[in-house]
Amino acid sequence: MGTRLGQPVYVIGVGMHPFNNDGLPSASMADVAGMTALADAGIEFREVGALYNGYLGGGVTSGVTIAKEFGLTGIPVTHVENASATGSCAFGEAVHAVGGGRVDVAMALGFDDMNRMRGLGGGKRRRVGAEDIMLPAAFFAMWATRRMHEVGTTERTFAEIAAKNWNHARSNPMAQRRADHEVTVDEVLASTMISYPHTSMMACAAGGGAAAAIVATREVAERVADGRPLVRVAASQQRSETYTDGHVFLGAVIGPAQMTRDTAGDAYEQAGLGPGDLDLVQVHDAFPVEELVYYELLGICGDGDGDRLVAEGATRLGGRIPFSTDGGLTARGHPGGPTGLAQIHETTLQLRHEAGARQVDGARTGLCHMAGAGSVCVVHILQREG
Amino acid sequence: MSGATVADCDLSPKGVLYAWTFLHVPRMGSISFDDTGGYGVGQIDLPEGVRIQAPLVGTPDDWQIGTTMALTTFPVGEDDEGNEIVTFRFEAVH
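Residue numbers (our numbering), protein chains in the order written: chain S, 11 to 396; chain U, 149 to 242.
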């Protein structure tokens, strides 16, 4: 049941403000990300035909207000929100605005500061219904204990995934958690227990930040390429839940696992390729059990084989199929709105071979996966041309 | 699917633990931590085919996946008229 693009769409520019926990105003971070993306594309804001803002906090009208910083050009400005997948959905809307012929150039801009959001811990005390105390941390942890029961996954495997992502972030100037030393598995295991079996160093970093991506038609992409390879959006797919066995309706943070498998299937079909064609992958690794299970749901390995992939080091930089090359939600961070766009930023740099110490050799095809509470799932596949 | 035929069904107060965790970091709600340093949360499969989520009574030593769990209620406060508000949780049946 995948959706279509009417014409090819290319990523022509990306930009970010480093993710951080410094309490910076979202508007100024958004300005940096947007201006950096425009400079990266080599265009002025007047060429942008539509702007899709992704944010969870910030309040009514903050998207259109921030757009004025770039110029009062009169373009349509739209607020997109889909929980953790907000930035990915804003990107998807920009992609479809170009792919569907609405405009030649569209921009997606994500900004947020999770620490300022109400309802995620900052809100006043509420009356407790059973669902009110079901934190995301609890859902992911229950997923993990079930996985341990069914597959025999150990706490150490979860810690290995987290340590890998912390170490990937060490060479990412946009990452929120940049350790000054090689992070070890024992260190991750020894950090504060949050929700068994997950410790604080396994939990994604909440904070602030901004990220932007500009997409365009092939004609525009060729004009502004300036000798750089084109990066095409080979697939843009988004789903909500379908009913599954054992379906959880109340508060399911990431929905049934089948949603990721189905959305990825739609994306592979649209791109005309399979998991074996991927060179790198970004996923919604809010907790390491997610990344582990996504190895399987994205078809990188068979069901139950994810643990072996970790043991072999296949998903670290230098491995067969690196995951979360920028540190992932774990260490690059997860401010909310910009998170999915940070994945697009990283993948675009990788496909242009501009990722520095994190560069995946010869990277040509990258997949970005985000899940959002509600639940939604978004998968994009980017591919280098030339 | 909207429009499909449905029927009422009484749910059993007992089920089997499908998954669980024990949280040490509070962020929402007013659930009591007592002297356990945290609180359990679980998913319980009821015989009618429903999987229900609820807080668990006790500590991780009290249950494992597959343990039979029974429903119990506990007070969480009062409404504006002073009436007690209760919600439910599950505890292991040994």
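Each residue gets a CB set at the ideal place from its N, CA and C atoms; glycine is no exception.
Other residues of its chain near residue i: CB distance less than 8 Å, five sequence neighbours each side excluded
{"i": "ASN231/U", "result": "none"}
{"i": "GLY139/S", "result": "In this prediction, GLY139/S has a pLDDT of 46, which is less than 50 and means its spatial position is unreliable; nothing more can be read from the coordinates."}
{"i": "ARG166/S", "result": "VAL195 and LEU199"}
{"i": "TYR166/U", "result": "GLY190, GLN191, ILE192, ASP193, ARG199 and ILE213"}
Chain S residues whose Cβ lies nearer than 7 Å to that of residue i
{"i": "TRP168/U", "result": "MET152 and THR155"}
Contacts around residue i, its chain only, beta-carbon distance under 7 Å, and the 5 residues preceding and following it disregarded
{"i": "VAL234/S", "result": "ILE22, ALA51, GLY52 and ILE53"}
{"i": "LEU34/S", "result": "GLY218"}
{"i": "ALA172/S", "result": "VAL198, MET211, MET212, PRO298 and THR340"}
{"i": "GLY131/S", "result": "Model confidence at GLY131/S stands at a pLDDT of 41, short of 50, so the residue's coordinates are unreliable and nothing is read from them."}
{"i": "ASP287/S", "result": "THR375"}
Per-residue contacts from residue i into chain U (C-beta, under 9 Å)
{"i": "SER205/S", "result": "THR169, PHE170, LEU171, HIS172, VAL173, GLY186 and VAL189"}
{"i": "ALA147/S", "result": "THR169, LEU171, VAL173 and ARG175"}
Identified DSSP bridge partners for residue i
{"i": "MET26/S", "result": "ALA221/S"}
{"i": "ALA218/U", "result": "LYS162/U and GLU239/U"}
{"i": "PRO203/U", "result": "VAL189/U"}
{"i": "SER94/S", "result": "ASN92/S"}
{"i": "ILE391/S", "result": "ALA245/S and LEU377/S"}
{"i": "ASP32/S", "result": "ASP32/S is not bridged to any residue."}
{"i": "GLN292/S", "result": "CYS378/S"}
{"i": "MET158/S", "result": "None, per the DSSP bridge assignment."}
{"i": "GLU232/U", "result": "GLU226/U"}
{"i": "ALA226/S", "result": "TYR20/S and VAL115/S"}
{"i": "TYR62/S", "result": "THR88/S and ALA118/S"}
{"i": "LEU240/S", "result": "GLU395/S"}
{"i": "PHE333/S", "result": "VAL291/S"}
{"i": "SER250/S", "result": "VAL386/S"}
Where residue i sits in the DSSP three-state scheme
{"i": "LEU130/S", "result": "Because the pLDDT of LEU130/S is 47, which lies under 50, any placement of that residue in the model is unreliable, and the number read from its coordinates should be weighed accordingly. Note: LEU130/S maps to coil in three-state DSSP."}
{"i": "PRO223/U", "result": "strand"}
{"i": "ALA179/S", "result": "helix"}
{"i": "TRP168/U", "result": "strand"}
{"i": "GLY312/S", "result": "coil"}
{"i": "PHE150/S", "result": "helix"}
{"i": "ASN125/S", "result": "helix"}
{"i": "MET39/S", "result": "helix"}
{"i": "MET203/S", "result": "strand"}
{"i": "ILE76/S", "result": "helix"}
{"i": "HIS423/S", "result": "Residue 423/S falls outside the range modelled here, since chain S spans only 11 to 396, and no answer is possible."}
{"i": "VAL173/U", "result": "coil"}
{"i": "ARG136/S", "result": "For ARG136/S, the pLDDT reaches just 46, beneath the cut-off of 50, and the residue's location in the model is therefore unreliable, although a value from the coordinates is still provided. Note: ARG136/S maps to coil in three-state DSSP."}
{"i": "VAL386/S", "result": "strand"}
{"i": "PHE168/S", "result": "helix"}
{"i": "ALA235/S", "result": "coil"}
{"i": "LEU359/S", "result": "helix"}
{"i": "MET269/S", "result": "helix"}
{"i": "THR325/S", "result": "coil"}
{"i": "ARG56/S", "result": "helix"}
{"i": "MET45/S", "result": "helix"}
{"i": "PHE259/S", "result": "coil"}
{"i": "VAL344/S", "result": "Val is not the amino acid found at residue 344/S; the sequence shown has His there. It is coil, neither helix nor strand."}
{"i": "VAL198/U", "result": "coil"}
{"i": "GLU364/S", "result": "coil"}
{"i": "THR163/S", "result": "coil"}
Proximal chain S residues relative to residue i, where beta-carbon distance stays under 9 Å
{"i": "PRO208/U", "result": "TYR206"}
{"i": "ILE192/U", "result": "Per Cβ cutoff of 9 Å: no residues; ILE192/U is ~11 Å from chain S at best."}
Partner residues on chain U for residue i, Cβ-Cβ distance less than 7 Å
{"i": "GLY256/S", "result": "ARG199"}
Contacts around residue i, its chain only, beta-carbon distance under 6 Å, and the 5 residues preceding and following it disregarded
{"i": "ALA60/S", "result": "ILE85, PRO86, ALA107, VAL113 and ALA116"}
{"i": "GLN353/S", "result": "GLN292 and CYS378"}
{"i": "SER246/S", "result": "GLY102, VAL105 and HIS390"}
{"i": "VAL205/U", "result": "ARG237 and GLU239"}
{"i": "ALA365/S", "result": "LEU359"}
{"i": "THR273/S", "result": "GLN247, ARG249, CYS387 and VAL389"}
{"i": "GLY133/S", "result": "Only weak support exists for where GLY133/S lies, its pLDDT of 42 falling under 50; the value from the coordinates is given anyway. Excluding sequence neighbours, GLY133/S sits near nothing in its chain."}
Amino acids of chain U, ordered along the chain, whose beta-carbon sits closer than 8 Å to that of residue i
{"i": "MET144/S", "result": "VAL189 and GLN201"}
{"i": "HIS159/S", "result": "ALA167 and ILE213"}
beta-carbon residue i near the ligand MG non-hydrogen atom, thresh 7 Å
{"i": "ASP32/S", "result": "Among the ligands in the structure shown, none appear at all, so the ligand MG cannot be discussed."}
Min CB distance residue i to chain A below 8 Å
{"i": "GLY188/U", "result": "As a matter of chain content, chain A is missing from the structure shown, whose protein chains are S and U."}
Validate contact between the stretch 320-337 of chain S and the stretch 105-116 of chain S using beta carbons, cut 8 Å, 3 pairs: no
Inter-stretch contact at 8 Å, needing at least 3 Cβ pairs: the stretch 15-31 of chain S / the stretch 63-76 of chain S: Fewer than three pairs of CB atoms, one per stretch, sit closer than 8 Å, so the stretch 15-31 of chain S makes no contact with the stretch 63-76 of chain S.
Three CB pairs or more closer than 8 Å across the stretch 74-90 of chain S and the stretch 144-159 of chain S: no
The stretch 364-379 of chain S in contact with the stretch 159-173 of chain U per 3-pair CB rule at 8 Å: No contact exists between the stretch 364-379 of chain S and the stretch 159-173 of chain U.
Cβ contact check for the stretch 88-107 of chain S and the stretch 384-394 of chain S: 3 or more pairs under 8 Å: In short, these stretches touch, since the Cβ pair count reaches three.
Contact between the stretch 209-219 of chain S and the stretch 236-252 of chain S (3+ Cβ pairs under 8 Å): Cβ pair count under 8 Å is below three, so no.
At least three beta-carbon pairs within less than 8 Å, the stretch 349-358 of chain S to the stretch 310-321 of chain S: no
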